[in-house]
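Q: One structure is given below, represented as structure tokens, and several questions about it will come after.
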Amino acid sequence: MKIDTIEPNCSPHRSFLISTSFTTHKRNKGMKLNIAYPRNGTVKQADIPDEQLRRVHLGDYRLGNEVEGVIFGDEFKGYTFRLTGGSDKDGFPMIQGVMAPSRVSLLIKRGAKGFNAFRGGEGERRRKALRGCILGNDLAVINVIITKTGEQPIEGVTDVSLPRRLGPKRANNIRKLFNLSREDDVSKFVVRRKVTKAGKKDRFKAPKIQRLITSPIRARRAKKVKVAIE
Numbered sequence: 016m017k018i019d020t021i022e023p024n025c026s027p028h029r030s031f032l033i034s035t036s037f038t039t040h041k042r043n044k045g046m047k048l049n050i051a052y053p054r055n056g057t058v059k060q061a062d063i064p065d066e067q068l069r070r071v072h073l074g075d076y077r078l079g080n081e082v083e084g085v086i087f088g089d090e091f092k093g094y095t096f097r098l099t100g101g102s103d104k105d106g107f108p109m110i111q112g113v114m115a116p117s118r119v120s121l122l123i124k125r126g127a128k129g130f131n132a133f134r135g136g137e138g139e140r141r142r143k144a145l146r147g148c149i150l151g152n153d154l155a156v157i158n159v160i161i162t163k164t165g166e167q168p169i170e171g172v173t174d175v176s177l178p179r180r181l182g183p184k185r186a187n188n189i190r191k192l193f194n195l196s197r198e199d200d201v202s203k204f205v206v207r208r209k210v211t212k213a214g215k216k217d218r219f220k221a222p223k224i225q226r227l228i229t230s231p232i233r234a235r236r237a238k239k240v241k242v243a244i245e
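Going by our numbering, the first residue of the sequence shown is number 16, and it counts up by one from there.
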């Protein structure tokens, strides 16, 4: 708050404000569009100006629909996007299944969207404010996934491909990735990544494989069965 003037010829105890001016931060106009391309593992955020939003009626779309990319700008002509999520200008997330274009108050269980699992007790329900799944002009961010590419590539999304940083953690998924049989040793095909630190020797890290059946495990199970029979 900035003081403009104080009435003169008054004692300090009787002085009062004549006029004040408040400094406010202007909210950024427009809407953000988070574009994800799972095929290449890339994500990019683009700005949608208000002029573009006035041309379409966002209330005709909801989460899960596939829309033409041209409604968000001419640079997305020919693209097809699937709406996956979003949030309004106050940060309340959109939730699938609530057919409303505004914010609603729902009684949700622990672990649902808007109610973190580490908060509350087991079986507890809380009333939370969430945004409906129908789009509107009050949204600040819209999340989409590219299902069909268009005429021109999107810089940083469709023109590049990022390798997977981490491999699968489940034994069945590793077998599918490398086309292995049940008899093959999965531990030899675990994807490891190199970790480099200044002044230290390079080392490799690998995730703990779930549902991994090795020869020692088979022998231990056979021994338990044999002991149980005896």
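The beta carbon of each residue, even a glycine, is placed where N, CA and C say it ideally should be.
In whole angstroms, what is the alpha-carbon distance linking R146 and G129?
A: In the sequence shown, the residue the question calls residue 146 occupies position 131. In the sequence shown, the residue the question calls residue 129 occupies position 114. Their Cα atoms are separated by approximately 10 angstroms.
Q: Within the stretch 161-234, note down every full alpha helix (DSSP H) run reaching 4 residues or more, in order along the chain.
A: If we require 4 residues or more, the alpha helix (DSSP H) runs fully inside the stretch 161-234 come out as 186-193.
Q: Leaving aside the five residues before and after R190 along the sequence, list all residues of the same chain whose C-beta is less than 8 angstroms from its C-beta, in chain order.
A: Taking the sequence shown and counting its residues from 1, the one referred to as residue 190 is at position 175. So the list reads S196, R197, D199, V201, once near-sequence residues are dropped.
Q: Taking three-plus beta-carbon pairs below 8 angstroms as touching, is the stretch 156-166 in contact with the stretch 84-104?
A: Yes: at least three Cβ pairs fall under 8 angstroms.
Q: Taking the alpha-carbon of S117 as reference, which of K215, G101, I123 has the nearest alpha-carbon?
A: Taking the sequence shown and counting its residues from 1, the one referred to as residue 117 is at position 102. Out of K215, G101, I123, G101 has the C-alpha closest to the C-alpha of S117.
Q: Under 8 angstroms between the Cβ atoms of I86 and V159?
A: If you number the sequence shown from 1, residue 86 lands on position 71. If you number the sequence shown from 1, residue 159 lands on position 144. It is not a contact, given that the beta carbons lie outside the stated cut-off.
Q: If I measure Cβ to Cβ from I110 and keep anything under 6 angstroms in the same chain, skipping five residues before and after, which residues do I get?
A: Position 95 of the sequence shown holds residue 110. Around I110: K128, L145.
Q: State the start and end residues of the unbroken beta strand (DSSP E) segment that holds D62.
A: Walking along the sequence shown from the start, residue 62 turns up at place 47. 57-63 is the span of the beta strand (DSSP E), which, as asked, contains D62.
Q: Measuring alpha carbon to alpha carbon, tell me which of T99, A61, F219 ends up nearest V205.
A: Here residue 205 refers to the residue found at position 190 when the sequence shown is read from its first residue. Nearest C-alpha to V205: F219.
Q: For D103, does the three-state DSSP call read helix, strand or coil?
A: Along the sequence shown, read from residue 1 onward, the residue named residue 103 stands at position 88. Here D103 sits in strand by DSSP.
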